[in-house]
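For the sequence shown, the numbering used here assigns the number 7 to the initial residue and increments by one for each residue that follows.
Written out below as structure tokens is the structure these notes cover.
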Amino acid sequence: MSEEQTVSKAGMPKGVKNVLLINLVIIAVAAWAIFNMYTETGAEILIAFATWSLLGTLTFCQIVLLSKMRKAWGMLRALIYTIALLQALTTMVLTKDFLSLWGVLAFFGSLFVVIYLIGLRGYLNSDGFKQWFGS
């Protein structure tokens, strides 16, 4: 007789689902901002570069998390840290428009993204995530 092996498939943790949802919202806002930059305003090069980088990084993060690409996990953590630093620089640049309503919204939105990216990088290093991810 052969022994049956039971394979228990762990479901996606709630934290990963939250990360995927928040990333999707930030991707949508960044895409809208990019559209606005090129259609209505003459965007500064740094802000445009930072927004494109954020959009690409979070899209890459979505792909890595959904496909569980273990080899890209280390690169993703470094990339998120780099993009967080770039977004922090963008936040500093956005202080020049702080006296307008859109300037305040852009500043606090960018500040939220910086804090979120730092937290995301910490979450990717957590034991619970590593256990689910298989690293």
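The beta-carbon is built from N, C-alpha and C at its ideal position, and this holds for glycine as well.
### Query
Given Ile124, which residues of its chain have a CB within under 7 Å of its CB, disregarding the five upstream and five downstream residues?
Same-chain partners within the cutoff: Ala90.
### Query
Out of curiosity, what's the CA-to-CA distance linking Thr63 and Ala94?
Looking at the two C-alpha atoms, the distance is approximately 15 Å.
### Query
Excluding sequence positions up to five away, which residues of its chain have a Cβ less than 6 Å from the Cβ of Gln68?
Counting only residues of its own chain and dropping the five nearest sequence neighbours on each side, Gln68 has a CB closer than 6 Å to the CB of Asn29.
### Query
Is it right to say Ala2 is buried, meaning 16 or more other beta carbons lie within 10 angstroms of its own, or is it exposed?
Lying before the first or after the last residue shown, residue 2 is absent from the chain, which here runs from 7 to 141.
### Query
Since Val70 contacts Leu82 with CB under 8 Å, what's their CB separation in whole angstroms?
With a Cβ gap of about 5 Å, Val70 and Leu82 count as contacting.
### Query
Between the C-alpha atoms of Phe139 and Lys23, what's the straight-line distance to the nearest angstrom?
Going by the C-alpha atoms only, they are around 13 Å apart.
### Cβ-Cβ distance between Val120 and Thr97 below 7 Å
Between Val120 and Thr97, the gap from beta carbon to beta carbon is short of 7 Å.
### Message
Within the continuous alpha helix (DSSP H) that includes Gly115, where are the two ends?
### Response
Gly115 -> alpha helix (DSSP H) spans 107-130.
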